[in-house]
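Engineer:
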Amino acid sequence: MEDISNREKKVRAAANLRGPLSNFDHLPLTLQRRILADLGLADLDRLAKTSRGLRDLADSDPRWGTLSGELSGQGCVPPRPRLEVKRRIAALEMGIEAHATLGRLLESARGESSLSAMLASEGFVAAQLRDWEDNEAAQGDDFAAVAAEHVGHYIGQAHQHRKAELRLICACNLPPCIAQLTSLQRLILNSCSLTHLPDAVGGMARLELLNLSNCTSLTELPSSVNGLKGLRHLILGNCPSLQQMPDIIGELTGLESLDLMGCGLSHLPDTLGNLTGLTKVSLCCANLTSLPNTIGALANLHQLRYECHAVSVLPDSLSALTGLKKFQLDGCHGLTHLPEELGNLSNLHFLSLRACRSLRYLPESIGTLPSLTRLRLSECPGLHHSFTFADLSRPGLKITS
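As structure tokens, then:
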């Protein structure tokens, strides 16, 4: 009887790995597993689109069912396993075997999109996290360091492929070798358990987007962040442990959007006014009591969302934001009045005042805003005593609640 290795060679030759892989569905499950482990990315993708046998393979592995359920939110294996094959591999081979498989796939990757799909695969990351958690429970805290070394190893390889985007959902801090990704344009680390970013991040000069949303343990940004001269979008939403924004943020003069929704900040640096390229700013910080006066220097600002419970007064410099088109003042419980100078916002189209519970009156100048087409007023109980909708009634203005 032929041994497995000889049978494999014949099967591979017959299947013609550069062709349709038509024989794959007729092989025993054990042999299918062996073949999957050595296929290149292009062949894997082709196989995923043509094979019905992957359904049996998925059904035979309970880990895949669990993983699929987590990813789809439906708790079941997808009806057709035209799987992102990268997730398939992560489910089949866990731990050391998974790392070895990923290593082979990285070596075979040629196209940027294929490599991006591999490293960005939520399935790969979820599988690794599950495996790391199991091993950590069995082996103790030291295993987390081993897992981090594995992540660093593959990030270190990624720079050879000039990736444009890297997405990670990771239970460990980023290794310094992330700086090797000098061609990276988008770094998405949402929902990571990071406490800080390595200083090496500052060397990623081509980075345009940095997304750290839902990194609830993040406490600070490194001073080296001022090296991100090409950064256009900074997303720090739902980072409640981030309590201070460094002054050097003002050196990111190419920044176009800044998202600080759900941060623990109590103040913003005056250097915010240096970010004159900003077109959109979103702030929702329960401890933030005021805006810096320098915000008036943001001449290109089109959208400002300001939802800060502790704020009691707005800076007069807001009147200088003549390019502002959308202004949301929602949930500012301590705000008692608006400055008369808001009437200078000649391009304002939309003004929202929702849940400003202490607001007592509106300035008459709001009624003269030439571009205002929509005013949203709701949950402002103190306003009702000194204001009627007739006060602002004019053609073209829609007042909603």
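Residue numbers for the sequence shown follow the working numbering, beginning at 653 and rising by one.
Think of the CB as a built atom: it goes at the ideal place given N, C-alpha and C, for glycine as much as any other residue.
What is the rounded straight-line gap between the Cα of G1032 and the Cα of T1025?
Structural biologist: First, the amino acid is wrong: residue 1032 is Cys here, not Gly. So the two alpha carbons sit approximately 20 angstroms from each other.
Engineer: Out of L1035, P991, N866 and P1022, point me to the one whose CA is closest to P1015's CA.
Structural biologist: When only C-alpha atoms are compared, the closest one is P991.
Engineer: If we ignore side chains and look at the alpha-carbon of each, how far apart do T946 and L920 end up?
Structural biologist: Near 10 angstroms, if we compare the C-alpha coordinates of L920 and T946.
Engineer: Could you say which of S893, L994, V853 and I901 lies nearest to L973 if we only look at CA atoms?
Structural biologist: Ranking the options by Cα distance to L973, first place goes to L994.
Engineer: Does H751 come out as helix, strand or coil in the three-state DSSP assignment?
Structural biologist: Summary for H751: the model assigns pLDDT 46, below 50, so the residue's position carries little reliability, and this model does not support an answer.
Engineer: Run through DSSP, which three-state label would T923 get?
Structural biologist: T923 falls in the helix class under three-state DSSP.
Engineer: Please name the residue in G929, L1035, L935 and D982 whose C-alpha comes closest to that of M897.
Structural biologist: Checked all of G929, L1035, L935 and D982; the closest Cα to M897 is L935.
Engineer: So T1052 is in the beta strand (DSSP E); what residue range does that whole segment cover?
Structural biologist: Start and end: K1050 to T1052.
Engineer: State the DSSP-derived secondary structure class of V877, mapped to helix, strand or coil.
Structural biologist: Three-state DSSP puts V877 in a helix.
Engineer: Would I1051 be called buried (16 or more neighbouring beta carbons within 10 Å of its own) or exposed?
Structural biologist: Flag for I1051 reads exposed.
Engineer: Could you pull out every residue in the same chain whose Cβ sits closer than 8 angstroms to the Cβ of L927, ignoring the five residues on either side in sequence?
Structural biologist: Result list for L927: I901, G902, L904, T905, L907, L910 and L950, in chain order.
Engineer: Quick one, are the C-beta atoms of L862 and L839 less than 8 angstroms apart?
Structural biologist: Yes, these two residues count as a Cβ contact at 8 angstroms.
Engineer: Going by DSSP in three states, L1035 sits in which element: helix, strand or coil?
Structural biologist: It is helical.
Engineer: Mind checking S865: buried by the 16 CB within 10 Å criterion, or exposed?
Structural biologist: With 16 or more other Cβ atoms within 10 Å, it is buried.
Engineer: So, S835 versus G854, is the Cβ gap smaller than 8 angstroms?
Structural biologist: Contact flag unset, no.
Engineer: In three-state DSSP terms, what is S1017?
Structural biologist: The answer is helix: DSSP assigns S1017 an H, G or I state.
Engineer: Could you check the C-alpha separation between L956 and R1006 for me, to the nearest Å?
Structural biologist: Straight-line Cα distance between these residues: approximately 14 angstroms.
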